[in-house]
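Novice: This is the structure, below, for whatever I ask next.
There are 2 protein chains.
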Amino acid sequence: MVQPILLDEQLCFSIYKAQKQFNHFYAQALSKYHLTYPQYITLLSLWEHGTMSVKQVGQTLSLDSGTLTPLMKRLEKDGWISRSRSTVDERRVDVSLTQKAEDLRDEIFEHVQSCATKVGMDLDEYRAVKASVDKVHEKLMAVSDGDLRY
Amino acid sequence: MVQPILLDEQLCFSIYKAQKQFNHFYAQALSKYHLTYPQYITLLSLWEHGTMSVKQVGQTLSLDSGTLTPLMKRLEKDGWISRSRSTVDERRVDVSLTQKAEDLRDEIFEHVQSCATKVGMDLDEYRAVKASVDKVHEKLMAVSDGDLRY
DNA sequence: GACAAGATAATCGTGTACAATAAAACATGA
DNA sequence: TCATGTTTTATTGTACACGATTATCTTGTC
């Protein structure tokens, strides 16, 4: 006899819902800049590392070009980034921040921080949760390299 | 001076990546049944509660009809569920499981469980992570009811 | 220098996700 | 009755997310 698997007792479902709620949180926090969460973390990566190829951005975000290309085009249309073929290696498309993105960096940081403060999480608790989620992520990565399909 | 916000130190990003990895895990685990993770949790909800309206399923999964209607149509096409207008209240569409879905329930449960075992998480640890993620979710819900947009 | 092998981005197809709107059906009070 | 407001589902439009394929470019290797 197999026990029923209750949705509300599953970690995957908790993370699924938390991720959606984070999306909603950032949708509100970033609405004045007309940025989505994936667009925001793309900018975060560029603010952190400077000009990079699409491939490199993808590695920092665990996203492939099928996701990034249209997302980048929207960011370019809205004046956050510029894209250009590398002259060194013409397979590469280098992505760099515009002056607008540089100028708004600190303002956006501060605004997001002020919104995050309202969530009211203790810093030690924050780090503890993050560490345990990271551990789950690592275990999932390890097992997904194998074959679960029979 | 504003400190740079490092992506790898952010809980939202950890949860974002963990959610994607869970998706990948279930994509492999469920590939022999041609089910995606959202389709699977839809079936889980129906296995748990029995026939429900689209609205009710949405409440158990935190999804709206814009997501569920096309998803349900695919589940119906693949023979997992049947959809029919309620005779009591003709605004409602009741969703019920087919014989195939009932028959495969225990087999799918067992198969998913066997895959989950390979992740190798301690039960106490599993519950601890889940509890802390749930707490984050609750805090995000609370703050998102307010207004973060100024 | 030609050619095979590998790298890189773009494109396409499928499947979520959600906001906004529309449409239909029910409930209620005047 | 019937007008009004509410509930419920469907539809539309925008934006990810990823697998598979394609096109182009670079780098050996001979």
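Residue numbers (this note's numbering), protein chains in the order written: chain A, 17 to 166; chain B, 17 to 166.
A virtual CB, placed ideally from N, CA and C, is assigned to each residue, including glycine.
With a threshold of 9 Å between beta carbons, is B/K71 in contact with chain A?
Specialist: Answer no: the Cβ-Cβ gap between B/K71 and chain A never drops below 9 Å.
Novice: Since B/P20 meets chain A, which of its residues come closer than 9 Å, beta carbon to beta carbon?
Specialist: Chain A residues near B/P20: L60, W63, E64, R121, F125.
Novice: Is the distance from the Cβ of B/V111 to the Cβ of B/R121 below 9 Å?
Specialist: no
Novice: At least one CB of chain B closer than 9 Å to the CB of A/L84: is that the case?
Specialist: no
Novice: In the segment 80-105 of chain A, which residues sit with their C-beta less than 7 Å from some C-beta in chain B, listed in chain order?
Specialist: none
Novice: Under 9 Å Cβ-Cβ, which residues of chain A neighbour B/T114?
Specialist: What B/T114 touches in chain A: nothing, since even the nearest Cβ is about 18 Å away.
Novice: What are the boundary residues of the beta strand (DSSP E) that A/R99 is part of?
Specialist: 97-101
Novice: Along chain B, in chain order, which residues have C-beta atoms closer than 8 Å to that of A/M157?
Specialist: Q37
Novice: Under a three-way DSSP split, which group does A/D110 fall into?
Specialist: strand
Novice: Please report the distance separating the alpha-carbon of B/P54 from that of A/G95.
Specialist: When rounded, the distance between both Cα atoms is 35 Å.
Novice: Quick one: residues in its chain with C-beta nearer than 8 Å to the C-beta of A/H65, no 5 flanking neighbours on either side, listed in chain order?
Specialist: Q72, T76.
Novice: Can you check the segment 39-67 of chain B for any alpha helix (DSSP H) of at least 4 residues that lies completely inside it and give the ranges in chain order?
Specialist: 53-65
Novice: Cβ atoms of A/Y142 and B/L27: under 9 Å apart, would you say?
Specialist: yes
Novice: If contact means a Cβ-Cβ distance below 8 Å, which residues of the segment 31-57 of chain A contact chain B?
Specialist: I31, Y32, K33, A34, Q35, K36, Q37, F38, H40, F41, Y42, Q44, A45, S47, K48, Y53, I57
Novice: Between B/T58 and B/R108, what straight-line distance do the alpha-carbon atoms span, to the nearest angstrom?
Specialist: Distance between the alpha carbons of B/T58 and B/R108 is about 17 Å.
Novice: What is the rounded straight-line gap between the Cα of A/I21 and the Cα of B/L60?
Specialist: 7 Å
Novice: Using a Cβ-Cβ cut-off of 9 Å, state whether B/M68 counts as contacting chain A.
Specialist: Chain A contact via Cβ: absent.
Novice: From A/L84 to A/H40, what does the alpha carbon distance come to, in whole angstroms?
Specialist: 20 Å
Novice: Name, please, each residue of chain A whose Cβ falls closer than 8 Å to the Cβ of B/G74.
Specialist: In chain order: nothing, as chain A lies at least about 13 Å away.
Novice: Short of 8 Å in beta carbon distance, which residues of its chain neighbour A/T67, apart from the five on each side in sequence? Order them along the chain.
Specialist: Counting only Cβ-Cβ distances below 8 Å, and skipping sequence neighbours, we find D110, V111, S112, L113.
Novice: What residue from A/Q35, A/G82, A/G74, A/A117 has the CA that sits closest to A/K93's CA?
Specialist: A/A117
Novice: At a Cβ threshold of 9 Å, is A/D140 touching chain B?
Specialist: Interface flag for A/D140 against chain B is unset, since no Cβ pair is found closer than 9 Å.
Novice: When the Cα atoms are used, what is the spatial distance from B/M157 to A/M137?
Specialist: 13 Å
Novice: Using alpha carbons as the reference points, say which of B/E123, B/V70, B/L46 lies closest to B/S102.
Specialist: B/V70
Novice: Going by DSSP in three states, A/S130 sits in which element: helix, strand or coil?
Specialist: helix
Novice: To the nearest angstrom, how far is the alpha carbon of B/F125 from that of A/F38?
Specialist: Roughly 29 Å separates the two Cα atoms.
Novice: Give the secondary structure of B/S78 by DSSP, where H, G and I count as helix, E and B as strand, and everything else as coil.
Specialist: coil
Novice: Relative to the alpha-carbon of B/Y49, which residue among B/K89, B/S130, B/E123 has its alpha-carbon at the smallest distance?
Specialist: Ranking B/K89, B/S130, B/E123 by Cα distance to B/Y49 puts B/E123 first.
Novice: Taking 9 Å as the CB-CB limit, is B/V128 close to chain A?
Specialist: yes
Novice: Buried or exposed: where does A/V104 fall if 16 or more other Cβ atoms within 10 Å of its Cβ makes it buried?
Specialist: exposed
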